[in-house]
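Chemist: Structure in structure tokens, see below.
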Amino acid sequence: MYYKTKPYRIFSAANHALLLGVAVLCMLPLWHTLALSLSGRAPANANRVGLLPIDFTLDAYQKTLANPDFLQSLSIAFQRTALGTVFGMIVIFLAAYPLSKTGGMFRSRSFYAWFFIITLLFNGGLIPTYIVVQKLGLMNSLWALILPSAVNVWLLVLMMSFFRGVPRELEEAALIDGAGHFRILLAIFLPISLPAVATLSLFTMVFHWNSWFDGLIYITKAEKYPLSTFLQTILVQIDTSQLGSTSRDLENISNKTVKAAQIFIGALPILAVYPFLQKYFVKGMVLGAIKE
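Taking UniProt numbering, the leading residue of the sequence shown gets 1, the next gets one more, and so forth.
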């Protein structure tokens, strides 16, 4: 067997070592942030914190969790991510199904396919998009963060490619039994495409959780910022008022440790989701990549 040969074992060991090294490099910044958030004021201000906390303390986390502005932005981020992911996946799922059909079954397929492809290559730009959002009265609302990015054409193409891999005999048998397209979509395509749905949902979820720029331009009230926009704001400014710390607090707590605690707490929800979707992730990542 080829996998028992010496060159293959050497390649496999080198491959594992390389991937392990890349994984460690990806984890180092987050690990440093965790160590900084658990360190005392003096070593944090002196930049002496590396990968292990110095003068261990949980004061930064206590201060962060007592900050109403942080908790408000965290709540808005959860609402945006949940609503944006569900709405985005519904739109992608409903659009991918008809576009996966042949021209004989859906005569206008080419028109709509080119319509989506053109929007993938060209977009209206920031200013026209801003004007549209403003004229629709969506400013300072969650829909201003969700609707402009509801249709991710790249994810739509991936879902469409997955649907094309579903055996046509299943659909034909359902049509003979009297099922309509909507029932076929829910009863046949949805259960089969769970790996694809889980993977694309994770991509959409990460996008909404990490997006900060749209919150900065569509939300004019700081109390309505989602978490990523709130963190970006406090990271680029010197004013520590949004950290929820008074000057007396800062005598004992460094603003660096508070910022690190907020960043780490902000990253935790997405990190917690990965293990639950991992079993679908590998299968979903190669959707459309295998041709027989």
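Just so it is clear, CB atoms sit at the ideal spot from N, CA and C, and this is done for glycine as well. Note that the structure is predicted; figures quoted are calculated from it, not measured.
#1: Please classify residue 229: is it buried, with 16 or more other beta-carbons within 10 angstroms of its beta-carbon, or exposed?
#2: What does the alpha-carbon distance come out to for the pair residue 168 and residue 117?
#3: Let me know the secondary structure DSSP gives residue 276 once reduced to three states.
#4: Nearest by alpha-carbon distance to residue 146: which of 81, 131 and 255 is it?
#5: Could you check how far apart the C-beta atoms of residue 220 and residue 123 are, in whole angstroms? I think they sit under 8 Å.
#6: Is the region 78-93 touching the region 206-224, taking contact as three or more C-beta pairs under 8 Å?
#7: Is it the case that the region 179-199 contacts the region 60-73, given that we only count it when at least three CB pairs across the two stretches are under 8 Å?
#8: Hey, how far is the Cα of residue 174 from the Cα of residue 199?
#9: Residues in its own chain within less than 8 Å of residue 292 by CB, not counting five upstream and five downstream?
#10: In three-state terms, what does DSSP make of residue 168?
#11: So, using beta-carbon positions, are residue 113 and residue 126 closer together than 7 Å?
#12: Compute the beta-carbon to beta-carbon distance between residue 150 and residue 91, rounded to the nearest angstrom, for a pair I have assumed lies under 8 Å.
#13: When burial is assigned at 16 or more other CB atoms within 10 Å of the CB, is residue 258 buried or exposed?
#14: Helix, strand or coil: how does DSSP classify residue 205 here?
#15: Between the C-alpha atoms of residue 96 and residue 157, what's the straight-line distance to the nearest angstrom?
#16: With H, G and I counted as helix, E and B as strand and the rest as coil, what does DSSP make of residue 45?
#17: If I measure Cβ to Cβ from residue 133 and keep anything under 7 Å in the same chain, skipping five residues before and after, which residues do I get?
#18: Residue 178 and residue 231 - do their beta-carbons sit closer together than 7 Å?
Modeler: Quick look at the numbers:
#1: Here residue 229 refers to the residue found at position 229 of the sequence shown. Under this definition residue 229 is a buried residue.
#2: Here the question's residue 168 lines up with position 168 in the sequence shown. Here the question's residue 117 lines up with position 117 in the sequence shown. Cα-Cα distance, rounded: 25 Å.
#3: For the purposes of this step, residue 276 is taken as residue 276 along the sequence shown, with counting starting at 1. DSSP places residue 276 in helix when its eight states are reduced to three.
#4: Against the sequence shown, residue 146 aligns to sequence position 146. The residue with the shortest Cα to Cα distance from residue 146 is 81.
#5: As a first step, residue 220 is located in the sequence shown; it is residue number 220 there, counting from the start. As a first step, residue 123 is located in the sequence shown; it is residue number 123 there, counting from the start. Their Cβ separation, rounded to whole angstroms, is 23 Å, which puts residue 220 and residue 123 out of contact at 8 Å.
#6: yes
#7: no
#8: On the sequence shown, residue 174 is found 174 positions in, with the first residue counted as 1. On the sequence shown, residue 199 is found 199 positions in, with the first residue counted as 1. Rounded to whole angstroms, residue 174 to residue 199 spans 27 Å at the Cα level.
#9: Along the sequence shown, read from residue 1 onward, the residue named residue 292 stands at position 292. Confidence at residue 292 is low in this model, with a pLDDT of 48, below 50, so the placement of that residue should be treated as unreliable; the coordinate-derived value is given next. Taken in chain order, the list of residues that qualify is empty.
#10: Taking the first residue of the sequence shown as 1, we reach residue 168 at position 168. Helix.
#11: Here residue 113 refers to the residue found at position 113 of the sequence shown. Here residue 126 refers to the residue found at position 126 of the sequence shown. Not closer than 7 Å, so no.
#12: As a working mapping, residue 150 is identified with position 150 in the sequence shown. As a working mapping, residue 91 is identified with position 91 in the sequence shown. The Cβ separation is near 5 Å, so the contact holds.
#13: For the purposes of this step, residue 258 is identified with residue 258 of the sequence shown, where counting begins at 1. Buried is the call here.
#14: Locating residue 205 in the sequence shown gives position 205, counting from the first residue. Helix, per DSSP.
#15: Within the sequence shown, the letter at position 96 stands for residue 96. Within the sequence shown, the letter at position 157 stands for residue 157. Each residue's Cα considered, the two are about 7 Å apart.
#16: Working through the sequence shown from its first residue, we reach residue 45 at position 45. Helix at residue 45.
#17: The residue you call residue 133 lines up with position 133 of the sequence shown. So the list reads 139, 144, 148 and 218, once near-sequence residues are dropped.
#18: Within the sequence shown, the letter at position 231 stands for residue 231. Within the sequence shown, the letter at position 178 stands for residue 178. No; because the gap between Cβ atoms is not below 7 Å, this pair is not in contact.
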